[in-house]
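Using the working numbering, read the first sequence as starting at 594 and increasing by one per residue.
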Amino acid sequence: MPELPEVETVRRGLAPVFEGDIFREVEVHIGGLRWPFPERMAERLTGARVDRLRRRSKYLLADLDRGETLLMHLGMTGRMLISGAKIGEFHHPIAAREKHDHVVFHMGSGARVAFNDARRFGAMDLFETAREAEQKLLAGIGPEPLGNAFDGAYLAGAIARRKSPIKNVLLDQKVVAGLGNIYVAEVLFRAGIHPARLARDLTSDEAEKLVPIIRDVLSEAIEAGGSSLRDHRQVDGDLGYFQHSFRVYGREGAPCVTPGCNGKIERITQSGRSTFFCPVCQT
DNA sequence: ATAGGCACCTGGTGGC
DNA sequence: TGCCACCAGGTGCCTA
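Below, the structure is given as structure tokens:
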């Protein structure tokens with residue numbers, strides 16, 4: 594699943610295929626994912642042109658020339674499988690339908706894009722572009738971590754009275770958009786903050802310090818995904834090469850990477866989800 | 001408003 | 001090979 598960097602990588606890979614082209618045909622092989630698909634989804638998409646493919650938090654938003662926007666969320670296992678696209682001189686062959694290809698877009702160019710989602714925690718919706726503010730899934734989402742509205746004063750204020758562990762609060766999409774279980778762990782490690790500390794107990798200095806770290810971790814992960822875009826491997830939404838750079842996530846029992854630290858990475862469970870951290874560096 | 005737990009699904013892995 | 005327990009990148013909804 595994709596957290597913000599993976600979704601952004603998918604967006605960057607898919608934009609050249611979607612933008613400016615039309616949906617020549619849309620196959621819908623299931624009634625919905627997390628929720629039923631909107632009424633007559635295939636008909637409403639067929640023949641529409643994609644003007645722009647945007648990202649908001651972990652949502653992909655395709656603005657159509659008909660005044661509607663197609664919203665897509667990849668959930669935990671959603672992928673966008675692109676085939677038949679022209680990449681420079683190369684014309685990739687069109688892939689056959691695979692298991693869990695629930696929605697398949699056939700573009701005017703001949704490219705094929707399959708929304709594949711084994712666990713079906715993903716989502717799709719169509720809403721009037723002009724009424725984005727009323728879209729329930731988007732309403733209430735916090736600032737984009739790479740945007741200007743996300744700064745130290747904001748974050749310090751947003752977490753000041755929160756009586757939950759800082760890990761849980763950073764996962765709250767109302768506080769900041771796009772962080773997930775992996776990148777929260779990486780952020781708190783770099784910040785030297787123990788994930789179980791109550792958010793309200795952080796000093797404002799600590800809160801402010803988190804902002805550039807969040808930006809760096811996400812930017813580096815996007816960069817790692819983007820660097821592999823040209824070989825077309827990262828476009829489907831899998832974890833990019835950045836996973837080889839995880840310092841704590843998935844490293845239970847392994848030595849802490851901090852020079853001179855002889856701590857071992859621990860795994861605890863918070864709200865039913867794994868948290869990885871160094872008990873020596875993070876206090 | 002906020003916090004905690006459950007639910008929704010399939011697939012992969014490791015132990016016996 | 002089979003069976004089972006456990007784990008997985010998300011997040012809406014329900015209950016206090």
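All C-beta atoms in this analysis are idealised placements derived from N, C-alpha and C, irrespective of residue type, glycine included. Values in this document were obtained by computation on a predicted structure and should not be read as measured data.
Query: On the CB-based measure, 16 or more other CB atoms within 10 Å of its CB, does H695 come out buried or exposed?; Result: buried
Query: Taking the continuous beta strand (DSSP E) assigned at R649, which residues delimit it?; Result: 643-649
Query: Quick one, which of V768, K651, D718, G625 has its alpha-carbon nearest R712's?; Result: G625
Query: Assign H666 to one of two classes, buried (16 or more other C-beta atoms within 10 Å of its C-beta) or exposed (fewer than that).; Result: buried
Query: Are the stretch 719-732 and the stretch 645-663 touching, with three or more C-beta to C-beta distances below 8 Å?; Result: yes
Query: Could you name the residues that DSSP lists as bridge partners for Y652?; Result: R649, H666
Query: For Q836, which of helix, strand or coil comes out of DSSP?; Result: helix
Query: Does DSSP put G613 in a helix, in a strand, or in coil?; Result: coil
Query: May I have the straight-line CA-CA distance separating A789 from G703, to the nearest angstrom?; Result: 51 Å
Query: With DSSP collapsed to three states, give me the class of E620.; Result: strand
Query: Looking at the strands, I want to know which residues DSSP matches up with P629.; Result: G625
Query: When the distance is taken between beta carbons, is F616 closer than 8 Å to F714?; Result: no
Query: DSSP on D824, reduced to helix/strand/coil?; Result: Low confidence applies to D824: its pLDDT is 49, below 50, so where it sits in the model is not reliable, and the reading given next is rough at best. Here D824 sits in helix by DSSP.
Query: Can you list, in chain order, the residues of its chain with a C-beta nearer than 6 Å to that of S867? Leave out the 5 residues immediately preceding and following it.; Result: R860
Query: Kindly list the residues whose CB is nearer than 8 Å to the CB of V619, restricted to its own chain and excluding five residues on each side of it in sequence; keep chain order.; Result: M634, A635, L638, T639, V696, V697, F698, H699
Query: From this set, C849, I623, T670, R649, which residue's C-alpha is nearest R783's C-alpha?; Result: C849
Query: Please report the distance separating the alpha-carbon of Y776 from that of V769.; Result: 12 Å
Query: Helix, strand or coil for F720? Go by DSSP, reduced to three states.; Result: strand
Query: If I measure Cβ to Cβ from P736 and keep anything under 7 Å in the same chain, skipping five residues before and after, which residues do I get?; Result: A742, F743, Y747, V769, A770
Query: Between the Cα of R651 and those of H685, Q766, K679, G677, spot the shortest distance and give me the residue it belongs to.; Result: Correcting the residue identity first, residue 651 is Lys in this sequence and not Arg. Out of H685, Q766, K679, G677, Q766 has the C-alpha closest to the C-alpha of K651.
Query: Taking DSSP's pairing of strands, which residues face K857 in a bridge?; Result: P848
Query: By alpha-carbon positions, which one of P598, E779, L791, N709 ends up nearest to R690?; Result: N709
Query: Within a Cβ cutoff of 6 Å, which residues of the same chain sit near V873, ignoring the five residues on either side of it in sequence?; Result: C854, G856
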